[in-house]
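Numbering-wise (our numbering), the sequence shown opens with residue 16 and increments by one.
All C-beta atoms, glycine included, are put in the ideal place defined by N, C-alpha and C.
Here the structure is a predicted model, which is why all the values come from computation and not from measurement.
Just below is one structure, and these are the notes that go with it.
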Amino acid sequence: MEQTKSKYRKLIRLFWLMVIGGILSVFTLFVMISNGLLGFMPTFEELENPKSNLATNVFSSDHQILGNYFRENRSYSLYEELSPNIINALIATEDVRFHDHSGIDARGLARVIFRTIIMQDQSSGGGSTITQQLAKLLFHGQASSNWERAFQKLKEWVIAVKLERSYTKDEILTMYLNKAEFIYDAYGIKSAAQTFFNTSTDSIKVEEAAVIIGMLKNPALFNPVRRPELTQDRRNVVLRQMQKAQFLTLAEYDSLSALPLTLQFNRADHKEGLAPYFREYLRLALTANEPIKSNYPSWMEAKFLEDSARWEDDPLYGWVHKNYRPDGTQYDIYKDGLRIYTTIDSRLQQYAEAAVKNHLSKDLQPKFFEEKKGRSGAPYTSDLSKEDYENIIEKAIKNTDRYRGLKRNGADMDSVMRVFKTPYDMTVFTWEGEQDTVMTPLDSIHHYKFYLRAGMISMDPLSGHVKAYVGGPNFKHFMYDMAGKGKRQVGSTIKPFVYTLAMQEGFTPCDLVPNIAQTFYLGGGKTWTPRNSGSARAGEMVTLKWGIANSNNNITAWVMKQFNPEAVANTIHELGIKSPMDAVPALCLGTPDFGLLEMTSAYSTFANKGVNIEPMIVTRIEDRYGNVISDFHPQKREAISESTAYLMLNLLQGVVNQGTGRRLRSTYKMQGQIGGKTGTTQNHSDGWFMGVTPQLVTGVWVGGEERDIHFDGIRLGQGANMALPIFALYMKDVYANEELGITEEDVFEEPLNFNINVDCGDNNRNQSADDEEQEEAIQNVEEFF
């Protein structure tokens, strides 16, 4: 008997030793986990400031999101911005006792042990609380084995308890929803709401919130785009859970669960949305590296000088390399959640993009297709030699990703050409929408060459703020930016710069000059005489105002002869043109290549009383917490006198009232004070229009991808037909929006004590009716060179 009792006492002691030992072991295990002795454990600082990749948002001046830069398309929402529909759906589905536990739900854990593990009931649900799931999202990756996952689970318990001590319940919910990962590059609840329903987190409907919360279980499986029926079933499960948790009445559940799954799918794509060319221009500016001469080939010497000057003078250029986080590291626009506030006005941007699209798709492109239809070598001019044509196409082939991929794999040119002549399924751009077709890669190159390109910049001349920026017809298919990157021959749009020097030196709009050919002696016995494309008022004395209004080459050449090419080039630089140019007589007819952004800036000088102002695209940059990191201010300098600027405005108004820009009055019925200048280059390869109003200065360029792609004749190829209508369509929309405060009643302010006569007696004498829609293009410039 005594022996039996002794054995019983030993068993009791052994039992308690095992219990106490187990408790001590578990306690020791958790202490070691908590102190990071068994692998990574976040520090207190990391718990207080968990790292999360946030997308950088780009805002318009009227507080609309233009787009973002991201590795993970994640935007942060505050708790106050989360609809109760989201919160209720999450708690009801994932953790109904969320407000009653401290990170670990004992009842849920017991259910998992007894029903899921012991009884093998896989439908009983999981035991992870929202806080545990947050711990996993913040500090754990994907486990490689069941043992590793089990160990991660223990860590999650510890982290969950620490999170509950560090944050309120509302903060934990907010962190979880911001950290949650979905599909289609949607990270966080804000991006998910925008991607799947094109809505905001504070306006989301109950049934929409149920879809998004239901996706958390398995975003790839419950994909509302690819598996709508399965996703709808999952949504209804979430709605049922909300009804059980008394967030919905039974009647509300019955009504909502009967609704069809209705999406407004809007996948984030930097190639889509408003102002894509501008967003890319901004991205490249922010991330630009300091120019190093050895990285530039010899033929890019001018580009190196331009970039170097920009690096020194423009605080936005290379911003990420010039500014540092508090810890001394560089900012990363793809994950730091910056807020970039731009000068773009979303309404003006919409009008600009619509104007480009409407004119190209409904007017110019159909006429261009018709003109080139059935022609050998189209869309190129028939003057292009076969050798030049083949060189252009070969260069286009080498610029494709397909070619680069083939060459990386060792293909020779014969193999490359076989691939480029093999038909494939592809989707191509048309103005009627993307079209699925079967086409060879070589034919697709020809297909895109047929489409005319365009660029447009609209700028506030008083502040320098760029309000609209269009770099081409469609960023997805034509990524080259003709607004900020491209440079083309400017033609007659350079003429106001020549006249500016004359006005600055004492000439007036009403001064009379002979309308006769002007010959320049170049040295070495060579001469150059620019020609006119028309004969209006040939041999007569005409005013300077008539000369610029009708873009007459004789008059511009006469003005150039009164000075010298170097003086004209200096004036052009003073007005804001940074591109290089040759100081030669032909400069007066627009032979150099300038960019649209600098041209718009130069013309803004006239509307800004002679003060040149650098184009400005960003006003400030904030960090993810709203702290201002950088703010930007306009860079101004006086370029010409206020009186000269006003005289130039008068001359430019003459172009619109009586000259080559009069379509604005006759065809588009535009009123108010508008100045402008058309521009057409050699062989009408480039069509320009620069429009000046008191509150907006707008530059437009239209042309082919290469200079050998153009209309055959000047009637269709001139700037008045190619570019001016885009300005007109844009300004009609601008004037129609009263909220903008830009009206046809706006006037250019006359300088104090201005007493120069600008009402010339013969400035209403126009060209002949046969000539009235034509302007002077660059003539025989090729002979000059």
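Where residue i falls: helix, strand or coil (DSSP)
i, result
"residue 423", "helix"
"residue 443", "strand"
"residue 462", "helix"
"residue 494", "coil"
"residue 742", "helix"
"residue 372", "helix"
"residue 24", "helix"
"residue 813", "Past the boundaries of the shown model lies residue 813; the chain is included only from 16 to 800, so the question cannot be answered."
"residue 355", "strand"
"residue 474", "strand"
"residue 607", "coil"
"residue 303", "coil"
"residue 436", "coil"
"residue 345", "strand"
"residue 296", "helix"
"residue 151", "helix"
"residue 483", "strand"
C-alpha distance - residue i paired with residue j, whole-angstrom precision
i, j, result
"residue 382", "residue 465", "12 angstroms"
"residue 478", "residue 622", "11 angstroms"
"residue 448", "residue 374", "16 angstroms"
"residue 46", "residue 114", "Unreliable placement is indicated for residue 46, whose pLDDT of 48 sits below 50; no coordinate value is reported for it."
"residue 760", "residue 688", "8 angstroms"
"residue 321", "residue 289", "28 angstroms"
"residue 337", "residue 501", "26 angstroms"
"residue 178", "residue 187", "8 angstroms"
"residue 801", "residue 668", "Residue 801 lies beyond the residue range present for the chain, which begins at 16 and ends at 800; the question has no answer from this structure."
"residue 313", "residue 558", "46 angstroms"
"residue 771", "residue 523", "8 angstroms"
"residue 8", "residue 720", "As shown, the chain starts at 16 and ends at 800. That puts residue 8 outside it, with no answer to give."
"residue 505", "residue 648", "29 angstroms"
"residue 392", "residue 728", "17 angstroms"
"residue 750", "residue 184", "51 angstroms"
"residue 359", "residue 315", "31 angstroms"
"residue 488", "residue 371", "7 angstroms"
"residue 299", "residue 427", "34 angstroms"
"residue 67", "residue 236", "25 angstroms"
"residue 588", "residue 722", "25 angstroms"
"residue 23", "residue 195", "55 angstroms"
"residue 352", "residue 71", "4 angstroms"
"residue 405", "residue 698", "21 angstroms"
"residue 136", "residue 355", "Note that residue 136 scores a pLDDT of 45, beneath 50, so its modelled location is shaky; the value from the coordinates is reported in the next line. Rounded to whole angstroms, residue 136 to residue 355 spans 51 angstroms at the Cα level."
"residue 109", "residue 641", "32 angstroms"
Residue i, buried or exposed, once every other Cβ within 10 Å from all chains shown has been counted against 16
i, result
"residue 340", "exposed"
"residue 529", "exposed"
"residue 533", "buried"
"residue 420", "exposed"
"residue 664", "buried"
"residue 343", "exposed"
"residue 598", "exposed"
"residue 561", "buried"
"residue 287", "exposed"
"residue 8", "The structure shown has nothing for residue 8, since the chain only spans 16 to 800."
"residue 138", "Caution applies to residue 138, whose pLDDT of 43 falls short of 50 and renders its modelled position unreliable; the value that the coordinates give is listed next. That one is exposed."
"residue 446", "exposed"
"residue 78", "exposed"
"residue 69", "buried"
"residue 556", "exposed"
Interface flag, residue i vs chain D, CB-CB below 7 angstroms
i, result
"residue 531", "No chain D appears in this structure, which consists of one protein chain only."
* **Segments of 3+ residues assigned as beta strand (DSSP E) that fall wholly inside the region 623-664** => Runs found: 626-628, 633-637, 643-646, 651-653.
* Complete alpha helix (DSSP H) runs within the region 502-527 (minimum length 4 residues, chain order) -> Listed in chain order, they are 510-519.
* Asked: Given 8 angstroms as the limit, is there contact between the region 559-575 and the region 473-490, that is, 3 or more CB pairs closer than that?
  -> no
* Asked: Hey, is the region 486-498 in contact with the region 742-755, meaning 3+ C-beta pairs nearer than 8 angstroms?
  -> no
* Asked: Would you call the region 80-93 and the region 196-207 in contact, with 3 or more CB pairs under 8 angstroms?
  -> A contact exists between the region 80-93 and the region 196-207.
* Would you check if the region 211-218 and the region 93-112 touch, i.e. whether three or more CB-CB distances between them fall below 8 angstroms? => Using a Cβ-Cβ distance cut-off of 8 angstroms, the region 93-112 and the region 211-218 are in contact, since at least three pairs of beta carbons, one from each stretch, lie closer than that value.
* If we count Cβ pairs, one from each stretch, closer than 8 angstroms, do we get three or more for the region 695-703 versus the region 715-725? -> yes
* Asked: Three or more C-beta pairs closer than 8 angstroms, one from the region 266-283 and one from the region 236-245: is that the case here?
  -> yes
* **Cβ pair count under 8 angstroms reaching 3, the region 731-739 against the region 678-696** => yes
* With a floor of 4 residues, list each alpha helix (DSSP H) that falls wholly inside the region 175-236, ordered by position along the chain. => 184-194, 204-212, 221-230
* Asked: Below 8 angstroms, can you find three or more Cβ-Cβ pairs linking the region 458-473 to the region 345-352?
  -> no
* Run through the region 554-606 for me and flag every whole alpha helix (DSSP H) of 4 or more residues, listed as ranges in chain order. => 559-564, 568-577, 580-589
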